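S.K.: Got a structure here, written out as structure tokens. Questions coming.
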Amino acid sequence: MSTELTVASYKTDLKPIWCPGCGDYGALNPFYQAMLDCGLQPKDTVIVSGIGCSGRFPYFCNTYGFHGVHGRALPTAAGMKMASPHLNIFAVGGDGDGLGIGGGHIPHVARKNVDLVYLLLDNSIYGLTKGQSSPTSPLPMSSKTAPYGYIEDPLDPLAMYIAYNISFVARGFSGKPKQLRELFTQAIRHKGFSMVHVFSPCVTFNKQVTFKTFNELVKELPEDHDAGNRIKAMEYALDRSTLWTGVFYREERPTIHERVVDIQNRAGRFKDLNELLDDFR
Amino acid sequence: MAKQEQVSLTGNEAVAYAFKQARPHVASAFPITPQTEMMHKFADFVANGEVDTEMILVESEHSAMSAAVGAAAAGARVITATSSAGFALMWEIVYVAASLRLPICMALVNRALSGNINIHCDHSDAMGGRDAGWIHLFCESAQEAYDNALMAFRIGEHPDVRLPVMINYDGFIISHTADSLRMLSADDAWKFVGPYKAAYSVLDTENPITVGPLDLTDYYFEHKVGEIEAHKRAFDVVRAVSAQYGALSGRGYDFFESYRLDDAEIAIVLMGSTAGTAKDVVDAHREKGVKAGLLKLRLFRPFPAAELAKALAGKKAVGVMDRAASFGAWGGPLFTEVRSALYGADRQPPVLNWIYGLGGRDCDLRQIDSVLERLADAARGKSGETVNLLGVRL
Ligand SMILES: Cc1ncc(C[n+]2csc(CCOP(=O)(O)OP(=O)(O)O)c2C)c(N)n1
Ligand code: SF4
Ligand SMILES: [Mg+2]
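Residue numbers (my numbering), protein chains in the order written: chain A, 381 to 661; chain B, 236 to 629.
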């Protein structure tokens with residue numbers, strides 16, 4: 381059965397149950413559109429999510445879904461891609477999921493350059509557990525676990541991604557869905573590990589990092605930004621006065637799958653045992 | 236008996252107050268439902284200067300228990316709390332905490348383990364750690380959670396014991412339900428708990444020690460025997476601490492509570508909040524002239540096998556209700572231990588098992604009623620399945 385794909389092909393009948401105004405809506409719609417732009421077949425697509433409000437993503441997508449445990453979306457997704465390289469694999473999760481409890485996984489998937497797309501929806505808070513400080517909560521943000529203000533420095537996720545040498549690094553804002561659609565599309569088309577960091581405010585528990593914050597600080601990277609220039613990408617990532625959005629960095633290099641196939645091919649040359657034994661004759 | 240205030244608190248709040256009254260040096264925590272509110276409350280106490288505790292907000296439970304172990308090895312009194320997946324993630328260090336004989340106190344707000352994802356109560360998390368070397372206390376109500384949380388420090392820190400203690404209370408049913416309870420004054424609680432002086436500390440530069448080094452075929456086994464023996468000694472300590480607490484608070488505790496059990500012919504054994512419902516059902520059966528009773532286990536580790544066998548000997552039938560499955564085992568974890576405790580006992584009763592309430596499935600009066608009916612049949616010699624499921628749609 382082949383019917384023409386539309387945005388509706390990617391939606392389930394389940395209405396998202398995020399709070400009204402949650403940033404995650406602003407990421408979901410462009411995500412549907414990007415899947416359509418890339419002509420992804422829902423039947424060949426899997427969305428793996430972590431635990432969090434953001435972890436509800438696959439419930440609303442008419443693809444295969446896997447809702448695992450907190451912090452492990454990325455290695456689960458990587459395992460899937462290794463087992464079924466023909467599938468389109470997405471990992472989705474929050475700032476806590478991806479940068480806190482599961483923060484150790486990103487550099488290693490980067491090293492492997494597994495061909496998948498990771499959507500990290502950053503609201504600078506643990507949303508689902510009702511508002512505790514997260515690794516991206518800026519100083520001196522207060523929260524349920526830090527009533528008079530947080531005392532730990534936030535991470536610099538974009539700088540980390542670039543330092544980890546992830547082969548595609550982009551950042552968007554759910555208040556700018558058009559750009560997000562474009563970023564998701566490019567991420568899907570990129571061969572290798574694509575990281576899309578999305579500012580996605582939590583309107584219920586985070587009254588300090590809000591849509592207003594981002595509307596004031598977010599700006600698209602200059603058109604002439606050379607995404608092949610890692611040093612320049614790092615400079616934009618570390619800029620505190622402006623929160624740049626767009627594709628920071630991109631590099632074409634073999635994926636782990638390609639490297640595995642390469643080894644298999646080389647190993648395959650010795651299929652004949654006699655040929656191996658020749659070395660010892 | 237000490238003067239006490241009658242307060243209305245949720246189980247989580249009650250435990251947060253107990254932890255505050257014990258004045259821990261360090262608290263490490265990471266949020267997870269249904270534990271989260273306990274640490275929110277405690278974080279408020281810290282932020283308001285009501286307790287002088289260093290609060291470490293870590294990035295996962297693996298780190299929460301690691302930080303707890305580090306702080307305890309440095310001689311601190313340490314608290315932490317978790318539930319379900321959080322406890323599962325801690326697991327590696329949960330063993331280490333007991334092996335290193337660090338008397339950390341942890342609230343384990345019982346919640347089902349994944350998958351699929353479920354936030355409601357069962358005891359699968361606690362059972363996952365039942366062999367880890369911790370002392371396990373189970374609670375029926377917010378009052379018991381408060382009382383056990385205070386006693387936990389005295390039990391775990393006692394020189395004869397020196398083991399971590401887990402205060403188990405049912406997620407949502409106890410943690411989130413406002414209950415009326417009696418609370419000791421800060422002074423009385425402190426007089427009871429008292430300061431903690433660790434036997435060893437990695438920060439004691441006069442007496443340098445190394446904690447946790449390689450321990451292979453030469454001494455590992457002997458060190459495990461140390462833990463085994465500490466658990467044996469814990470019985471007397473639990474009794475003594477509970478008696479002292481009883482005199483202070485008017486609320487006596489033992490290894491288990493016997494409810495209309497002495498002259499009972501049929502008896503239920505269980506742990507946790509379901510005891511409250513079971514007491515009502517026992518009363519109803521008593522009114523009908525059926526000699527029913529309940530044994531509510533408070534101390535699951537160490538397991539008071541001898542006392543339990545004595546309390547149940549001569550019953551005509553015993554039904555053990557497990558709020559956890561042990562997949563592939565013959566019956567639930569509590570059942571296998573109770574039955575094993577009774578094996579070879581004088582006047583050994585038939586012991587049946589019901590697995591109930593997984594993932595928060597409500598256990599209502601009718602379900603417990605059906606257990607007592609079956610036990611009455613068994614008492615009359617009617618045969619039937621030994622291991623049963625309760626309240627499941629098949
Ligand atoms: C091992 C483990 N620890 C803790 C939790 C509880 N928990 C669920 S979601 C969450 C944080 C969610 O924050 P984030 O990842 O930023 O997602 P958001 O809800 O903000 O989208 C936590 C701590 C869990 N599910 N599993
Ligand atoms: S709590 Fe925050 S992150 Fe979660 S759905 Fe509501 S607005 Fe979104
Ligand atoms: Mg978040």
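Glycine residues also receive a C-beta, built at the ideal position from the N, C-alpha and C atoms. Predicted, not measured: the structure shown is a model, and the values here were computed from it.
Near ligand 3, which residues have their beta-carbon less than 6 Å from any of its heavy atoms, given in chain order?
M.R.: Every residue passing the under-6 Å Cβ criterion appears here: A:432, A:474, A:475, A:476, A:503, A:505, A:506, A:507 and A:514.
S.K.: Expressed to the nearest angstrom, what Euclidean distance is found between the alpha-carbon atoms of residue 489 of chain A and residue 574 of chain B?
M.R.: The alpha-carbon atoms of residue 489 of chain A and residue 574 of chain B are separated by roughly 49 Å.
S.K.: Hey, is the stretch 399-413 of chain B in contact with the stretch 243-250 of chain B, meaning 3+ C-beta pairs nearer than 8 Å?
M.R.: In short, these stretches touch, since the Cβ pair count reaches three.
S.K.: Within the stretch 415-464 of chain A, note down every full alpha helix (DSSP H) run reaching 4 residues or more, in order along the chain.
M.R.: If we require 4 residues or more, the alpha helix (DSSP H) runs fully inside the stretch 415-464 of chain A come out as 453-463.
S.K.: Compute the Euclidean distance between the alpha carbons of residue 448 of chain A and residue 326 of chain B, then round it to the nearest angstrom.
M.R.: Approximately 18 Å between the Cα atoms of the pair.
S.K.: If residue 409 of chain B sits next to residue 374 of chain B, beta carbons under 8 Å apart, how far is it from one beta carbon to the other, in whole angstroms?
M.R.: At roughly 6 Å, the Cβ-Cβ gap stays under 8 Å, so residue 409 of chain B and residue 374 of chain B are in contact.
S.K.: At 4 residues or longer, and completely inside the stretch 530-560 of chain A: list those alpha helix (DSSP H) runs for me, N to C.
M.R.: Complete alpha helix (DSSP H) runs here, min 4: 537-543.
S.K.: Quick one: grab the DSSP three-state call for residue 367 of chain B.
M.R.: Of the three classes helix, strand and coil, the one that applies to residue 367 of chain B here is coil, per DSSP.
S.K.: Name, please, each residue of chain B whose Cβ falls closer than 7 Å to the Cβ of residue 527 of chain A.
M.R.: Correct list: 278, 279 and 282.
S.K.: When the cut-off is 8 Å and only beta carbons count, does residue 641 of chain A lie next to chain B?
M.R.: Chain B, which has no Cβ nearer than 8 Å to the Cβ of residue 641 of chain A, makes this no.
S.K.: Classify residue 609 of chain A: buried if its beta carbon has 16 or more other beta carbons within 10 angstroms, exposed otherwise.
M.R.: Per the 10 Å Cβ criterion, exposed.
S.K.: Can you tell me whether residue 381 of chain A is helix, strand or coil according to DSSP?
M.R.: Low per-residue confidence applies at residue 381 of chain A: pLDDT is 49, beneath 50, and the placement is therefore not dependable, though the value from the model is reported in the following sentence. Note: residue 381 of chain A maps to coil in three-state DSSP.
S.K.: Along the stretch 372-393 of chain B, where does the CB come closer than 9 Å to a CB of chain A? Name the residues.
M.R.: So nothing in the stretch comes that close.
S.K.: Does the CB of residue 352 of chain B have a neighbour CB from chain A at under 8 Å?
M.R.: So yes, residue 352 of chain B belongs to the interface.
S.K.: Under 7 Å: does the beta carbon of residue 594 of chain A sit that close to some heavy atom of ligand 2?
M.R.: Result no, Cβ not under 7 Å from ligand 2.
S.K.: Leaving out the 5 sequence neighbours to the left and right, which residues in its chain are closer than 7 Å to residue 569 of chain A when beta-carbon positions are compared?
M.R.: Excluding sequence neighbours, residue 569 of chain A sits near 418.
S.K.: Does any residue of chain A bring its CB to less than 8 Å from the CB of residue 275 of chain B?
M.R.: True, the Cβ-Cβ gap to chain A drops below 8 Å.
S.K.: With distances taken Cα to Cα, identify the nearest neighbour of residue 427 of chain A among A:444, A:632, A:413 and A:611.
M.R.: That would be A:444, whose Cα lies nearest to the Cα of residue 427 of chain A.
S.K.: Quick one: residues in its chain with C-beta nearer than 6 Å to the C-beta of residue 393 of chain B, no 5 flanking neighbours on either side, listed in chain order?
M.R.: Taken in chain order, the residues that qualify are 472.
S.K.: Can you check whether the CB of residue 531 of chain B is closer than 8 Å to the CB of residue 189 of chain B?
M.R.: For chain B, the structure presents residues 236 to 629; residue 189 of chain B sits outside this window and is missing.
S.K.: Which partner residues does residue 313 of chain B have in the DSSP bridge list?
M.R.: Residue 313 of chain B is bridged to B:261.
S.K.: Please tell me whether, using a cut-off of 7 Å, the distance from the CB of residue 234 of chain B to the nearest non-hydrogen atom of ligand 2 is below it.
M.R.: Here chain B has residues from 236 to 629 only, and residue 234 of chain B is not among them.
S.K.: Which word fits residue 621 of chain A, buried or exposed, when buried means at least 16 other C-beta atoms lie within 10 angstroms of its C-beta?
M.R.: Classification of residue 621 of chain A: exposed, given that the 10 Å Cβ count is below 16.
S.K.: Counting Cβ pairs closer than 8 Å, one from the stretch 497-513 of chain B and one from the stretch 582-602 of chain B, do we hit at least three?
M.R.: Touching, yes, given that three or more Cβ pairs across the two stretches are closer than 8 Å.
S.K.: When the cut-off is 8 Å and only beta carbons count, does residue 513 of chain A lie next to chain B?
M.R.: Yes - at least one Cβ of chain B is within 8 Å of the one on residue 513 of chain A.
S.K.: Pairs of beta-carbons, one from the stretch 386-395 of chain A and one from the stretch 406-416 of chain A, closer than 8 Å: are there three or more?
M.R.: Judged by Cβ distances under 8 Å, the stretch 386-395 of chain A makes contact with the stretch 406-416 of chain A, as three or more pairs qualify.
S.K.: Once DSSP output is grouped into helix, strand and coil, what is the label at residue 500 of chain B?
M.R.: Correct three-state label for residue 500 of chain B: coil.
S.K.: Measuring straight from C-alpha to C-alpha, what distance separates residue 482 of chain B and residue 417 of chain B?
M.R.: So the two alpha carbons sit approximately 14 Å from each other.
S.K.: Consider the Cβ of residue 612 of chain A: report whether some Cβ of chain B lies at a distance smaller than 8 Å.
M.R.: Not an interface residue.
S.K.: Looking at residue 585 of chain A and ligand 2, is the gap between the Cβ and the nearest heavy atom below 7 Å?
M.R.: Yes, the Cβ of residue 585 of chain A comes within 7 Å of a heavy atom of ligand 2.
S.K.: Would you report the Cα separation of residue 271 of chain B and residue 509 of chain A, rounded to the nearest angstrom?
M.R.: So the alpha carbons of these two residues sit roughly 7 Å apart.
S.K.: Check whether the Cβ of residue 398 of chain A lies closer than 7 Å to any heavy atom of ligand 2, and answer yes or no.
M.R.: Checking the Cβ of residue 398 of chain A against ligand 2 gives yes.
S.K.: Name the residue from B:562, B:544, B:570 and B:601 whose alpha carbon lies nearest to the alpha carbon of residue 579 of chain B.
M.R.: Comparing Cα positions, the closest option is B:544.
S.K.: Between residue 537 of chain B and chain A, is any beta-carbon pair separated by less than 8 Å?
M.R.: No, residue 537 of chain B does not count as interfacial toward chain A.
S.K.: Name the one or two DSSP bridge partners that residue 630 of chain A has.
M.R.: Partner(s): A:548.
S.K.: How is the alpha helix (DSSP H) around residue 185 of chain B delimited, first residue to last?
M.R.: The shown model of chain B, from 236 to 629, leaves out residue 185 of chain B, and the question about it has no answer.
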